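Right, one structure below, let's go through it.
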Amino acid sequence: MDGVGIVTTRFYEWSQCLHLESGAQLGPLTIAYETYGELNAAGNNAILVLHALTGNAHIAGRNFPDERYPGWWDPLVGPDRALDTRRYFIVCANVLGSCYGTTGPTSINPATGKPYGMDFPAITIRDMVRAQKILLDYLGVKRLVAAIGGSMGGMQVLEWGFLYPQMLDAIIPIATCGRTTPMQIAFHHVQREAIYADPDWQGGNYYGTAGPRRGLALARQIGIITYKSDPSWNMKFGRNLVDPRKYFQLEGQFEVESYLAYQGRKLVDRFDANSYLYLTKAVDLHDVSQGRGSYNEVWRDFPCPCLGIGISSDFLFPPYQVQEIVRMINDGGGHARYAEIDSPYGHDAFLIEFNQLAAIIQPFLKELRPDLAA
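Quick note on full-length UniProt numbering: the sequence shown kicks off at 1 and runs consecutively.
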């Protein structure tokens, strides 16, 4: 089956200010996005895909012919695929605070003419969702068949269900939680500390210099550890050595060490350290009950059907967290079901196990909107 081919990242310029959850105002806004398929005349065949921490709007196809890799969910997007572009209008927007085209710390602050850096205001998952709503209004989307995403994307999916239920047929949160746990916050804390400890961070005012490369690389290595599982580490590396002759040297002799160093370098070449700080903090602040009442009560009469998807070996977002969401929605009188990806790959499985995801998602979407599945 052919995919979506060459796609273009577009940019919507919104001239107004967004009122953030913190009370700050942010604007004007630029929102980077990609679309696949065609919006129907009724504006009701759209699916919104939400990306994870260091992701972007490029979920499928290639931006140029010799691009090495397609978008990060490419096997799921295209004609006859789970997110079938013959039937659905697929939208993915880069989140607020990122460095892939949407307004974030690297953007120019209109008040100073320089990058925002640490003058960028604190943002939350809800702020990201409100910016996405602005984009969908611009695109003419009246109703979503579903909002779907994993990890931080799953948090956005949940907030869509609370903020704009009138626009949704259903939500599909994957490998996520209704509120972050102390363990998840702790991991992000040490990742941020790694960036702060790099003298090249310069209080966030490093633009025009090399920036905190070692700090961001270390933060990424810590994150990568949480995205895997013990079986996946053993399958991929075991105790294999890069060079057995250097067995007694202190640094970097195991293949797993070399892999982590490579992953750190790779992120440094494509991501901004300040964006990493702001986005990890937004994840830590995530709590769907914030300002809405008690966590146990907020799920009562939840208005959107929900397909929650967990991952059997997920260490960072254990499957019980998605199961809890499904249980609380059902206990509160709503409609939710649970499915699980059986995988040894840990949290990363939602970016790997495409066949399992397709087998779960595709029939659910057809059940939701049989009029589009014909």
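Cβ coordinates follow ideal geometry from the N, Cα and C atoms, glycine included.
As the structure is a computational prediction, the values presented were derived from the model and not from experiment.
key: Touching by the beta-carbon criterion (3+ pairs, under 8 Å), the stretch 255-269 and the stretch 202-221   = yes
ask   = For residue 343, does the count of other Cβ atoms within 10 angstroms reach 16, so buried, or fall short, so exposed?
value = buried
query = In angstroms, rounded to a whole number, what distance separates the CA positions of residue 88 and residue 358?
reply = 15 Å
task = Starting from residue 14, follow the beta strand (DSSP E) in both directions and report where the run begins and ends.
result = 10-14
task = Could you round the C-beta distance between residue 106 and residue 272 to whole angstroms and report it? I think they count as a contact, below 8 Å.
result = 5 Å
query = Rounded to a whole number of angstroms, what is the C-alpha to C-alpha distance between residue 104 and residue 246?
reply = 44 Å
request  = Could you tell me which uninterrupted beta strand (DSSP E) segments, each at least 3 residues in length, are contained entirely in the stretch 120-155, listed from first to last along the chain?
outcome  = 144-150
query = Once you ignore the five residues that flank residue 75 on each side, which residues in its own chain have a CB closer than 6 Å to its CB?
reply = 354
ask   = So, do the stretch 197-205 and the stretch 109-125 have three or more beta carbon pairs nearer to each other than 8 Å?
value = yes
task = Determine the contact status of residue 311 and residue 373, defining contact as a CB-CB distance below 7 Å.
result = no
ask   = Roughly how many whole angstroms lie between the Cα atoms of residue 260 and residue 239?
value = 14 Å
request  = Note the first and the last residue of the continuous beta strand (DSSP E) segment covering residue 53.
outcome  = Neither: residue 53 is in no beta strand (DSSP E) and is coded neither H nor E.
query = Hey, which unbroken runs of the beta strand (DSSP E) at 3 residues or more fall wholly within the stretch 294-353?
reply = 306-311, 336-341
key: For residue 193, the first and last residue of its enclosing alpha helix (DSSP H)   = 182-196
Reference residue 281; option with closest CA among 132, 235, 180, 47 = 180
ask   = From which residue to which residue does the alpha helix (DSSP H) around residue 280 run?
value = 273-285
ask   = Okay, do the stretch 54-61 and the stretch 120-135 touch, 3+ Cβ pairs below 8 Å being the bar?
value = no
request  = Provide the residue span of the beta strand (DSSP E) that contains residue 34, from first to last.
outcome  = 29-36
message = Could you compute how far the alpha carbon of residue 32 sits from the alpha carbon of residue 49?
response = 13 Å
Integer-rounded CB distance, given that residue 170 should sit under 8 Å from residue 443 = No information on residue 443 is available, as it lies outside the stretch 1 to 374 that the chain covers here.
request  = Ignore the nearest five residues each way along the sequence and tell me which others in residue 127's own chain have a CB closer than 6 Å to its CB.
outcome  = 20, 21, 96
message = Could you tell me the alpha carbon to alpha carbon distance between residue 285 and residue 369, rounded to whole angstroms?
response = 34 Å
request  = Under the assumption that residue 217 contacts residue 268 (Cβ atoms under 8 Å), give the Cβ distance between them as a whole number of angstroms.
outcome  = 5 Å
inquiry  = Using CA atoms only, rank isn't needed, just tell me which of 339, 253, 362, 152 is closest to residue 94.
reply    = 152
inquiry  = Pull the bridge partners of residue 25 from the DSSP assignment, please.
reply    = 19
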